[in-house]
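Undergrad: I'd like to ask some things about the structure below.
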Amino acid sequence: MNKIEFALRHALANNDFTLKYQPQVYAHNGEVHGIEALLRWKHPEYGPISPVEFIPIAERTGLIHDLGLWVIEEACRQLRQWELNGLVNLRIGVNVSIDQLYDTQFIERLEHIVRSSGIVPQPLVIEVTESIAAVADTVLQRLHELKNLGVGIAIDDFGTGYSSLSYLRDFPADYLKIDRSFISRIEKHESDRKLVATVIELARHFTLATVAEGVETSRQMQILQDCGVEYLQGYLIGRPMN
24 MNKIEFALRH ALANNDFTLK YQPQVYAHNG EVHGIEALLR WKHPEYGPIS
74 PVEFIPIAER TGLIHDLGLW VIEEACRQLR QWELNGLVNL RIGVNVSIDQ
124 LYDTQFIERL EHIVRSSGIV PQPLVIEVTE SIAAVADTVL QRLHELKNLG
174 VGIAIDDFGT GYSSLSYLRD FPADYLKIDR SFISRIEKHE SDRKLVATVI
224 ELARHFTLAT VAEGVETSRQ MQILQDCGVE YLQGYLIGRP MN
């Protein structure tokens with residue numbers, strides 16, 4: 024057991040994780056549409072530890088199941104608090120690992136969390152990476168169960184993994200999130216602008232709303248607006264906050 028794995032087990036037991044919240048806005052008017060919940064961990068000795076480092080360890084050790092449920096529970100609790108404070112009609116996105124979707128009890132546990140928090144399922148959006156398209160039908164079944172529950176589904180980091188028109192057809196998704204690696208290049212590279220415009224048009228044909236991730240400049244925002252993207256997310260819009 025390496026030091027990060029050991030610390031991870033203690034952090035989960037001691038509730039040492041936090042969520043940061045990054046806004047998503049309507050591209051045409053800048054009004055807030057939703058929030059993405061981002062998991063953060065600041066270790067007292069090692070300092071901030073990136074999810075890129077600790078999430079694979081959580082998946083390998085099986086800790087991702089308890090950690091993932093904690094994220095959903097905390098996000099639902101926060102959403103309910105916002106509702107009580109008068110902030111209504113917000114969506115909240117939560118990233119879910121493929122390992123969680125393989126769990127036969129995941130849907131039941133998620134439904135229990137939603138009901139216990141006092142919210143309805145519709146504002147909750149489960150975000151999954153497109154790499155799940157390469158796995159078994161079990162995951163597709165879980166996504167349909169989530170959809171039947173009323174939960175929204177977003178395909179995250181689109182364009183970086185197993186891109187396939189067939190899963191856009193078969194997956195019960197509501198949102199397609201265009202990866203920041205494409206957005207960062209649209210100011211200087213015509214090919215990337217054309218690619219992003221094509222993805223947006225493709226998503227429209229499949230009745231998927233598009234979210235541009237990693238928007239950092241006004242020029243990027245203008246190009247994305249011209250391309251017809253529905254929602255914007257990134258440092259230009261707002262940084263992750265408590």
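For the sequence shown, the residue numbers in our numbering are 24 to 265. For every residue, glycine included, the Cβ atom is placed at its ideal position computed from N, Cα and C. Being a predicted model, the structure only gives us computed values, none of them experimental.
Comparing C-alpha positions only, which one of SER241, PHE194 and TYR190 sits nearest to ILE209?
TA: Position 186 of the sequence shown, counting from 1, holds the residue named residue 209. Per the Cα distances, SER241.
Undergrad: Once the 5 residues before and after ASP215 are set aside, which same chain residues still bring their CB inside 6 Å of it?
TA: Counting from 1 along the sequence shown, the entry for residue 215 is found at position 192. Taken in chain order, the residues that qualify are PHE205, ARG208 and ILE209.
Undergrad: If you check the beta carbons only, do HIS167 and PRO195 fall under 7 Å apart?
TA: Start at 1 with the first residue of the sequence shown, and residue 167 comes out as number 144. Start at 1 with the first residue of the sequence shown, and residue 195 comes out as number 172. Going by C-beta atoms, HIS167 is nearer than 7 Å to PRO195.
Undergrad: In the DSSP assignment, what are the bridge partners of ALA60?
TA: For the purposes of this step, residue 60 is identified with residue 37 of the sequence shown, where counting begins at 1. Bridge partners of ALA60: TYR44 and VAL117.
Undergrad: Any idea if GLN243 is buried or exposed, counting beta-carbon neighbours within 10 angstroms, 16 or more meaning buried?
TA: As a working mapping, residue 243 is identified with position 220 in the sequence shown. It is buried - the Cβ of GLN243 has at least 16 other Cβ atoms within 10 Å.
Undergrad: Answer yes or no: do LEU332 and ARG165 have a C-beta to C-beta separation smaller than 7 Å?
TA: The chain is shown only over 24 to 265; residue 332 falls outside these bounds and no answer can be derived.
Undergrad: Drop a sphere of 10 angstroms on the beta-carbon of ARG262, count the other beta-carbons inside from all chains shown, and report buried for 16 or more, exposed for fewer.
TA: Indexing the sequence shown from 1 puts residue 262 at position 239. Looking at its Cβ environment, which holds fewer than 16 other Cβ atoms inside 10 Å, ARG262 is exposed.
Undergrad: Are the region 42-55 and the region 69-86 touching by the rule of at least three beta carbon pairs closer than 8 Å?
TA: With the cut-off at 8 Å, the region 42-55 and the region 69-86 do not touch.
Undergrad: In the DSSP assignment, what residue or residues form a beta bridge with GLY85?
TA: Within the sequence shown, numbered from 1, the residue matching residue 85 stands at position 62. Answer is none; GLY85 lacks a bridge partner.
Undergrad: Looking only at its chain, what residues have a beta carbon closer than 7 Å to the beta carbon of GLU28, apart from the 5 residues adjacent to it on each side?
TA: If you number the sequence shown from 1, residue 28 lands on position 5. Closer than 7 Å at Cβ, skipping near neighbours: ILE80 and THR84.
Undergrad: Identify which residue in ILE155, ARG203 and LEU169 has its Cα closest to the Cα of SER189.
TA: One-based indexing of the sequence shown puts residue 189 at position 166. For SER189, the nearest C-alpha among the options comes from ILE155.
Undergrad: Using the three-state DSSP reduction, which class does PRO74 fall into: helix, strand or coil?
TA: Translated into the one-based positions of the sequence shown, residue 74 becomes position 51. Note: PRO74 maps to helix in three-state DSSP.
Undergrad: Give the DSSP bridge partners of LEU255, in chain order.
TA: Your numbering for residue 255 matches position 232 in the sequence shown. Paired residue(s): VAL48 and ALA235.
Undergrad: Beta strand (DSSP E) containing VAL174: first to last residue?
TA: Counted from its first residue, the sequence shown places residue 174 at position 151. Counting along the chain, VAL174 falls outside any beta strand (DSSP E), and DSSP gives it neither H nor E.
Undergrad: With DSSP run on the structure shown, which of helix, strand or coil describes PHE194?
TA: By 1-based counting over the sequence shown, the position of residue 194 is 171. The answer is coil: DSSP assigns PHE194 none of H, G, I, E or B.
Undergrad: Which first and last residues belong to the alpha helix (DSSP H) in which VAL219 is found?
TA: The residue you call residue 219 lines up with position 196 of the sequence shown. Its alpha helix (DSSP H) spans residues 213-228.
Undergrad: How about LEU259 and GLU239: are their beta carbons less than 7 Å apart?
TA: As a first step, residue 259 is located in the sequence shown; it is residue number 236 there, counting from the start. As a first step, residue 239 is located in the sequence shown; it is residue number 216 there, counting from the start. Yes.
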